[in-house]
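There are 2 protein chains.
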Amino acid sequence: MDGKNISLTPAEWSVMECLWERSPMTGRELTDALRERCGWSRSTTLTLLGRMEAKGAVAGDMSGGKKSFRPLVGRDEIAMKETEDFLGRVYNGSLSLLVSSFTQKQPLSKKEIDELYDILKKMEEDRDA
Amino acid sequence: MDGKNISLTPAEWSVMECLWERSPMTGRELTDALRERCGWSRSTTLTLLGRMEAKGAVAGDMSGGKKSFRPLVGRDEIAMKETEDFLGRVYNGSLSLLVSSFTQKQPLSKKEIDELYDILKKMEEDRDA
DNA sequence: CCCTTTTGTTTACATCTGTAATCAAATTAT
DNA sequence: ATAATTTGATTACAGATGTAAACAAAAGGG
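Below, the structure written as structure tokens:
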């Protein structure tokens, strides 16, 4: 029963983005940052943090008057989980189907094409090794 | 104000999957299909259909006693929209970031690698043309 | 030490989602 | 024609989500 099975709502993503950039942050710092980025009131941010603490997405360390928060899940970790969900639901689990569908509407920049080639090449090297 | 700005919940996706496979379908056919696939009661399916009709995802044609439904949005259309949302939220809008992140955990099958190469090659041809 | 500000915690509430039960009109069978 | 079944529509209700006000304890200023 580890805490891997956490999923985040869009609003919770915004909170995590802050904490993934820098952590720990005090409640004050977070309310300021999110008032700025999302226009949220203090209450909103703190309510979100409470819920996220309850479900194990963040840890709140209350020491010395002020409470500070740090993430308990890595960005990669949950990005992965959400990606799997999404791919399964929308593209039947097929990454190449996603790519082909996406590129039919939005042509990729040269930079992205190059990056994708690099990824594929590297993967083949690993496979052959 | 066309109906493009529709997003589907996971449950609603299941309904659409049926209608994208074959359409139109009567309420009866849909309740049967979704009882089978998802274990839903008749009420559940019809409630979903009602909501989806209200938000313009499907059209219900009531003619000759029985009501039948057909999709008003294409699968590609909303797959695209959801993909953009997802990429923006999780991968900062970058497709290559998604691919690289994904492949670090789940190595792709040879088939998928080949498909991806094909997609890239085709895209370059289009670009050069 | 009192008054003000900051903080942490509780409570609130509308909307959305999943999941149905119920009810009433229409259809079908006997 | 009447009873049984099917069907469309309405109502229900709990849990998730977005968004915040209220309240109370703590900290800081004078």
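In the order they appear, the protein sequences are chains A and B. Under numbering that gives the first Met the number 0, think of the first position of the first sequence as 0, with each following residue one higher. Under numbering that gives the first Met the number 0, think of the first position of the second sequence as 0, with each following residue one higher. Backbone N, C-alpha and C define an ideal beta-carbon position, used for all residues, glycine too.
Quick one: what does DSSP say residue i is sitting in, helix, strand or coil?
| i | result |
| --- | --- |
| G59(B) | strand |
| S108(B) | coil |
| R69(B) | strand |
| M0(B) | In this prediction, M0(B) has a pLDDT of 43, which is less than 50 and means its spatial position is unreliable; nothing more can be read from the coordinates. |
| K121(B) | helix |
| T43(A) | helix |
| L33(A) | helix |
| G92(A) | coil |
| L7(B) | coil |
| K80(A) | helix |
| G87(A) | helix |
| G49(B) | helix |
Closest by CA to residue i, which one among the options?
| i | options | result |
| --- | --- | --- |
| D127(A) | Q103(B), K109(B), T82(B) and E16(B) | K109(B) |
| V98(A) | L119(B), R21(B) and E28(B) | L119(B) |
| M122(A) | T102(B), T43(B) and K65(B) | T102(B) |
| K65(B) | D117(B), R27(B) and E20(B) | R27(B) |
| L18(B) | R36(B), F68(B) and K104(B) | F68(B) |
Within 10 angstroms of its Cβ, does residue i collect 16 or more other Cβ (buried), or is it exposed?
| i | result |
| --- | --- |
| D1(B) | Caution applies to D1(B), whose pLDDT of 47 falls short of 50 and renders its modelled position unreliable; the value that the coordinates give is listed next. Counting Cβ neighbours within 10 Å, D1(B) comes out exposed, since fewer than 16 surround it. |
| T46(B) | exposed |
| E11(A) | buried |
| P70(A) | buried |
| A56(B) | buried |
| A53(A) | exposed |
Which residues does DSSP list as the beta-bridge partners of residue i?
| i | result |
| --- | --- |
| M24(B) | F68(B) |
- Query: Within the chosen definition, does the region 109-124 of chain B reach the region 93-108 of chain A through at least 3 CB pairs nearer than 8 Å?
  - Reply: Segment contact: the region 109-124 of chain B against the region 93-108 of chain A, three or more CB-CB distances shorter than 8 Å; contact assigned.
- Take every Cβ of the region 69-84 of chain B, pair it with every Cβ of the region 58-70 of chain A, and state whether three or more of those distances are shorter than 8 Å. Judged by Cβ distances under 8 Å, the region 69-84 of chain B makes no contact with the region 58-70 of chain A, as fewer than three pairs qualify.
- So, do the region 64-78 of chain B and the region 2-19 of chain B have three or more beta carbon pairs nearer to each other than 8 Å? Short answer: they touch.
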